[in-house]
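Line by line, the protein sequences give chains A, B and C. All residue numbers for the first sequence refer to our numbering, where the first residue is 0 and numbers rise by one. All residue numbers for the second sequence refer to our numbering, where the first residue is -3 and numbers rise by one. All residue numbers for the third sequence refer to our numbering, where the first residue is 839 and numbers rise by one. Beta carbons: idealized from backbone N, C-alpha and C, even for Gly.
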Amino acid sequence: MSAHLLELQGVHTHIGAYHILHGVDLAVPRGQLTMLLGRNGAGKSTTLRTIMGLWRASQGSIRFDGRDIARLDTPRIAQLNIAYVPEAMGIFADLTVKENLLLAARGARSAAQMDAARLEWIFGLFPAVEKFWNHPAGKLSGGQKQMVAVARAIVEPRDLLIVDEPSKGLAPAIVHNMIEAFAQLKRSGTTILLVEQNLRFAQRLGDTVAVMDDGRVVHAGPMQALAEDAALQRSLLGLSL
Amino acid sequence: MMNRLLSGDAPRSRLLAALLVAIVLGLACAPFVFPGVKALNVAAKVLVFVVLVASFDLLLGYTGIVSFAHTMFFGIGAYGIAVATTRMGPTWGALAAGTAGALLLSLLLSLAVGLFSLRVRAIFFAMITLAVAAAFQTLASQLSDITGGEDGLTFKVPEVLSPSFEPFDDPFLGVTLDGRLVCYYLLFVAAVVLVLALLRIVNSPFGRVLQAIRENEFRAEAIGYRVVVYRTTSSVLSALFATLAGAMLALWLRYNGPETSLSFEIMMDCLLIVVIGGMGTIYGAVIGSVLFLVAQSYLQDVLRLASEAASPVPWLAALLSPDRWLLWLGLLFVLSVYYFPTGVVGRLRSLRAPGAR
Amino acid sequence: MNYKQKVPPAPAQSAQAAMNLREIDWPPLALVPVLALAALPLVGSGSTWLTLTVAGLAMGMIVFIIASGLTLVFGLMDVLNFGHGVFIALGAFVATSVLGAMGDYTQSASLWRNLLAVLPAMAVAMLVAGAIGLAFERFIVRPVYGQHLKQILITMGGMIIGEELIKVVWGPQQIPLPLPAGMQGAWFIGDAAVEKYRVVAVLVGLAVFALLAWTLSRTKVGLLIRAGVQDREMVESLGYRVRRLFVGVFAAGSALAGLGGVMWGLYQQSVVPQMGAQVNVLIFIVIIIGGLGSTGGALIGALLVGLVANYTGFLLPKAALFSNIALMVAVLLWRPQGVYPVTSR
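This is the structure in structure tokens:
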């Protein structure tokens, strides 16, 4: 069993005529939280979408638990117990919070069949989810929606969580909640790949870090090492953690 | 010189050029080369459809607007001539007045339709034009005082164009020279002039902007072209040419009714022709019209033979019945949308330069 | 921006509430009774008004049955099926064959014996239409996913082929489809004659709507459809094959169109091969008014269209088709995306 749950090697992605990813090499270790950092336009979201099969990799290999998933279609990839929270959250606005979660719970045919204990845990992490259970998800604030999006990703146990900028546009208090939630998730043994621009977030949660620029991973290694090297931080990200 | 005449839009394929030359010659000499009333009727219909479909190509192929209301303008042109000559007598003045009136009405309607198209999404617009065309046809059959209702209007045309006009007693090259021939050549000249005019339009800077808008409207607007103006102008031009085609039809048939020029079948025929011929080429309208109308007229004869041959197998005979020619044409249409997305013209052009575009 | 922001949120209800009853956008719902009431003084006589209103509701229900499938197909998969009319015609013609073969049932004056003929006719019509729908999706629609222009062209081509094939099987002429004996005639409420069949049509329409509403709001499949209509990509990211779902919805939509065809044929008491193309225009008006992807919107649109057609048919016969177009334009000026726009496309 490889130490890495997810491995990308030499992945290229073209969107129409545009060559976005130029040979991405990424290794996501099991049971850890890997941060994917980089400035806007570096190709982070594209990488996540390529992993999920929403964009097709034109070259390279993507291995999940040793198995090549680059040619699989999105539903099949999701069925391998990979959960994806897109940058835009992907909340179904006209559906209630309950329905949003029910949709993600593939094993449940109705709300009653969802795992009650797990739901309790989710309510503890994200009180807003319980509070607005029967409300249309579209009526929630940005931060609340973000919580619903993450809650949805964990409504059933997943092997890998891929999250795109969960703290974007959120008030600092909510960001704190979010950090706490991910810390708990990490402790529960879920492997997480997180794209973030909020460096506090990154520093507190990340075990491993990969930095992208211009469609490539330009640095990869333990978060500790990056956190201690201010000069490296500035050269990679333009500012310090 | 040929290049200037064609506004720089050369056929770009020897086979295509040869075909076009053959078609033009064939149409020019039709009365002499293809004897008989039916053949001449088909040839005249080809001339009318070439103009109609070419105008439709301007709208669909070059500007990317899907509109099912095109036959409305065709009908307006036809009714213009019909109503004017019925009311004002068979004079050239009446023809001029009828055509002018029809053009004016088309101008106003197409402006309204064109501007409305920009308020709603393309899908809505397509559906709405379908409804409007149906309503217009109903309107034409209900305003019987003006339009002659369901029965339509039968009318006379100026002396020179009518069959009874026979200036020479002796036949020329085996064909009696009469008003029909004059009318036919009037249509021929009109068709040539209108098609060349359309070529000039689509190859002008205006035409290039249309294509840019078709490809990426957002970017065109961002560059600074006022998409509203271009699309509306294109809608109006397309409608005006269709109106003239309608006038041509009415002149030839000396009759017009709701079914003749406003029916949904004609709209479908235009679609079939423009797709089979090749969208966004203008030449596609020429090739497509010829193919389609010849098939329409003579395919039925072929099917009749086939059906008789298949009479021992009743269901096969029913499938091959000449009345079901539209079935086979429909199949051809569906197949061409899949396998010939660029139509006959596109296919011919790509044959010439394999790999290159 | 979001029309829902205008309506104050209703207090949270239990999970039993169907289809977002908690926040009803009521103005479009009000249109139907408002229109009916507005027509009363114009029509003059109460009994005539009642007859017309029932006729309008019946016609509207039948149109709704046909349109519901089409609007879901568009909302879910962004597929524009301009050939939906062919299933209408197919259903109607199949019914002529089935009912034609069951003469002793249809000629009986007993309503129950009539139903023993009509219900199987509807069932067979739906099966055939659904099956042809599967083939239509596979061979005509599937190759052109994502390309609107080609979809329009191809589905119209498919309709032409379908119409011609109907002519091959049943002949090109009009075929009568008389109502069974027990369903003919009318009930009299005071002065007003209310045709029995029209009441039946309204009931069937309501039943179909209730079934659709229940499926959409209470079952997981319905949930998937509603979510897929909003964000297909996200549903796939959650691990569901939306394509498969779509094929099912397409077949169901075609079957519903077949059912609608049977009912329309009985309403007109005759069928012609071109009936698909004729009803197509009405269907499009309905789903434009309703908003692409919305079942509730389709119901409202259909009822409005049915009522308007019948009222103007009585008041201004020459303006009938225009009245529907005028109605559509009026609605679009008020809400350019239809009364209940569901998709953001």
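With a threshold of 6 Å on Cβ separation, who are the neighbours of C:Pro1031 within its own chain once the five nearest residues in sequence on each side are excluded? Position 193 of the third sequence, counting from 1, holds the residue named residue 1031 of chain C. Residue 1031 of chain C is actually Ala in this sequence, not Pro. The answer, listed in chain order, is Thr889 and Ala1024.
Between the alpha carbons of C:Ile1013 and B:Ala291, how many angstroms are there, rounded? Residue 1013 of chain C sits at position 175 when you count from the first residue of the third sequence. Residue 291 of chain B sits at position 295 when you count from the first residue of the second sequence. Straight-line Cα distance between these residues: approximately 30 Å.
Taking Cβ positions, are B:Leu173 and B:Pro163 nearer each other than 9 Å? Stepping through the second sequence from its first residue, residue 173 of chain B is reached at position 177. Stepping through the second sequence from its first residue, residue 163 of chain B is reached at position 167. Cβ atoms of B:Leu173 and B:Pro163: closer than 9 Å.
Out of C:Gly996, C:Ala927, C:Pro1016 and C:Tyr983, which has the shortest C-alpha to C-alpha gap to C:Trp1008? Along the third sequence, one-based indexing puts residue 1008 of chain C at 170. It is C:Ala927 whose Cα lies nearest to the Cα of C:Trp1008.
Evaluate C:Gly929 with the Cβ neighbour count: other Cβ atoms within 10 Å of its Cβ, from every protein chain shown; 16 or more gives buried, anything less gives exposed. Here the question's residue 929 of chain C lines up with position 91 in the third sequence. Its Cβ being crowded by 16 or more others within 10 Å, C:Gly929 is buried.
Using the beta-carbon count (16 or more within 10 Å), is A:Ser234 buried or exposed? For the purposes of this step, residue 234 of chain A is taken as residue 235 along the first sequence, with counting starting at 1. Exposed: under 16 other Cβ atoms inside 10 Å.
From this set, A:Phe122, A:Asn80 and A:Ser44, which residue's C-alpha is nearest A:Ala103's C-alpha? In the first sequence, counting from the first residue as 1, residue 103 of chain A sits at position 104. It is A:Asn80 whose Cα lies nearest to the Cα of A:Ala103.
Report the rounded CA-to-CA distance for C:Leu1041 versus C:Val911, giving the unit in angstroms. The residue labelled residue 1041 of chain C in the question sits at position 203 within the third sequence. The residue labelled residue 911 of chain C in the question sits at position 73 within the third sequence. Rounded to the nearest angstrom, the two C-alpha atoms are 24 Å apart.
Looking only at its chain, what residues have a beta carbon closer than 6 Å to the beta carbon of B:Ala80, apart from the 5 residues adjacent to it on each side? Within the second sequence, residue 80 of chain B is the residue found at index 84, counting from 1. Closer than 6 Å at Cβ, skipping near neighbours: Ala90, Ala93 and Gly94.
List the whole-angstrom C-beta distance separating C:Tyr1178 from C:Pro866, where the pair is believed to meet the contact cut-off of C-beta under 8 Å. Taking the first residue of the third sequence as 1, we reach residue 1178 of chain C at position 340. Taking the first residue of the third sequence as 1, we reach residue 866 of chain C at position 28. The Cβ separation is near 7 Å, so the contact holds.
With H, G and I counted as helix, E and B as strand and the rest as coil, what does DSSP make of B:Val17? In the second sequence, residue 17 of chain B corresponds to position 21, counting from 1. In this structure, B:Val17 counts as helix in the three-state DSSP scheme.
Assuming C:Gly1114 contacts C:Val924 under a Cβ cut-off of 8 Å, what Cβ separation, rounded to an integer in Å, is found between them? Sequence index remark: in the third sequence, residue 1114 of chain C carries index 276 (1-based). Sequence index remark: in the third sequence, residue 924 of chain C carries index 86 (1-based). Going by Cβ atoms, the distance from C:Gly1114 to C:Val924 rounds to 5 Å, so yes, they are a contact pair.
For A:Met88, which option in A:Pro221, A:Gln112 and A:Gly168 has the closest C-alpha, if you only look at C-alpha atoms? Reading the first sequence from its first residue, position 89 is the one you call residue 88 of chain A. With distances taken between Cα atoms, A:Met88 lies closest to A:Gly168.
Residue of A:His21, A:Leu20 and A:Leu35 minimising C-alpha distance to A:Val27: As a working note, residue 27 of chain A is residue 28 in the first sequence. A:Val27 has its Cα closest to that of A:Leu35, out of A:His21, A:Leu20 and A:Leu35.
Determine which residues of the region 1066 to 1082 of chain C have a Cβ less than 7 Å from any Cβ of chain A, and write them out in chain order. Gln1068, Asp1069, Glu1071, Met1072, Glu1074, Ser1075, Leu1076, Gly1077, Tyr1078 and Arg1079
Can you pull out the residues from the region 61 to 79 of chain A whose beta carbon lies closer than 7 Å to at least one beta carbon of chain C? Thr73, Pro74, Ala77 and Gln78
Going along chain F in order, which residues have a C-beta closer than 9 Å to the C-beta of A:Asp213? Looking at the structure shown, chain F is missing, and the protein chains on hand are A, B and C.
Using CA atoms only, rank isn't needed, just tell me which of A:Ala56, A:Arg38 and A:Tyr83 is closest to A:Ala209. Start at 1 with the first residue of the first sequence, and residue 209 of chain A comes out as number 210. Of A:Ala56, A:Arg38 and A:Tyr83, the residue nearest in Cα terms is A:Arg38.
Residues that DSSP places opposite B:Asn252 in a beta bridge: Taking the second sequence and counting its residues from 1, the one referred to as residue 252 of chain B is at position 256. B:Leu149.
Using a Cβ cut-off of 8 Å, pull out every chain C residue sitting near B:Gly144, in sequence order please. Along the second sequence, read from residue 1 onward, the residue named residue 144 of chain B stands at position 148. Under the 8 Å cutoff, chain C gives no residues; its nearest Cβ is about 16 Å from B:Gly144.
If you measure beta-carbon to beta-carbon, which residues of the region 53 to 74 of chain B are closer than 7 Å to chain C? Val62
State yes or no: is the beta carbon of C:Leu1130 nearer than 9 Å to at least one beta carbon in chain A? One-based indexing of the third sequence puts residue 1130 of chain C at position 292. By this cut-off, C:Leu1130 is not an interface position.
Boundaries of the beta strand (DSSP E) in which A:Gly259 is found, first to last residue: Any question about residue 259 of chain A goes unanswered here, given that chain A covers just 0 to 240.
How should C:His922 be labelled, buried or exposed, when 16 other C-beta atoms within 10 angstroms of its C-beta is the threshold for buried? Numbered from 1 along the third sequence, position 84 holds the residue referred to as residue 922 of chain C. Buried is the call here.
Closest Cβ-Cβ distance between A:Asp93 and chain C: below 9 Å? Here residue 93 of chain A refers to the residue found at position 94 when the first sequence is read from its first residue. Taking Cβ atoms only, chain C reaches closer than 9 Å to A:Asp93, which makes this a yes.
Terminal residues of the alpha helix (DSSP H) in which C:Glu1033 lies: As a position in the third sequence, residue 1033 of chain C is number 195, starting the count at 1. No alpha helix (DSSP H) holds C:Glu1033; the beta strand (DSSP E) holding it covers Ala1030 to Glu1033.
Starting from C:Gln945, trace the alpha helix (DSSP H) in both directions and tell me its first and last residue. As a first step, residue 945 of chain C is located in the third sequence; it is residue number 107 there, counting from the start. Taken as a continuous stretch (DSSP letters only), C:Gln945 belongs to no alpha helix (DSSP H), as it is neither H nor E.
Less than 8 Å between the CB atoms is what I'm expecting for C:Ala1140 and C:Thr1150, so what's the real figure, rounded? As a working mapping, residue 1140 of chain C is identified with position 302 in the third sequence. As a working mapping, residue 1150 of chain C is identified with position 312 in the third sequence. About 16 Å; that fails the 8 Å criterion.
Contact with chain C by A:Gly15, beta-carbon distance below 9 Å: Numbered from its first residue, the first sequence carries residue 15 of chain A at position 16. No - not a single Cβ of chain C is within 9 Å of the one on A:Gly15.
Is any beta-carbon of chain B found at less than 9 Å from that of C:His922? Here residue 922 of chain C refers to the residue found at position 84 of the third sequence. No, no contact with chain B.
If A:Arg105 and C:Gly1066 are in contact, beta carbons under 8 Å, what's the gap, nearest whole angstrom? As a first step, residue 105 of chain A is located in the first sequence; it is residue number 106 there, counting from the start. As a first step, residue 1066 of chain C is located in the third sequence; it is residue number 228 there, counting from the start. That pair is no contact at about 15 Å.
Compare the C-beta of C:Val1180 with all C-beta atoms of chain A and state if any pair is closer than 9 Å. To locate residue 1180 of chain C, count along the third sequence from 1; it is residue 342. For C:Val1180, the answer is yes, since a Cβ of chain A falls inside 9 Å of its Cβ.
Whose C-beta lies closer than 6 Å to the C-beta of A:Ala152 among residues of the same chain, with five residues either side of it excluded? As a position in the first sequence, residue 152 of chain A is number 153, starting the count at 1. These residues qualify, in order along the chain: Ala82, Val84 and Leu160.
Considering only C-alpha positions, which residue in the set C:Asn952, C:Val917 and C:Ser1108 is nearest to C:Lys1034? The residue given as residue 1034 of chain C occupies position 196 in the third sequence. If we check each option's Cα against that of C:Lys1034, C:Asn952 comes out closest.
Which whole-angstrom value describes the C-beta separation of B:Gly253 and B:Gly148, a residue pair presumed to lie in contact below a C-beta threshold of 8 Å? Translated into positions along the second sequence, residue 253 of chain B becomes position 257. Translated into positions along the second sequence, residue 148 of chain B becomes position 152. Contact flag correct, Cβ pair sits at about 2 Å.
Start and end residues, beta strand (DSSP E) containing A:Asp163: Here residue 163 of chain A refers to the residue found at position 164 of the first sequence. Taken as a continuous stretch (DSSP letters only), the beta strand (DSSP E) holding A:Asp163 covers Leu159 to Asp163.
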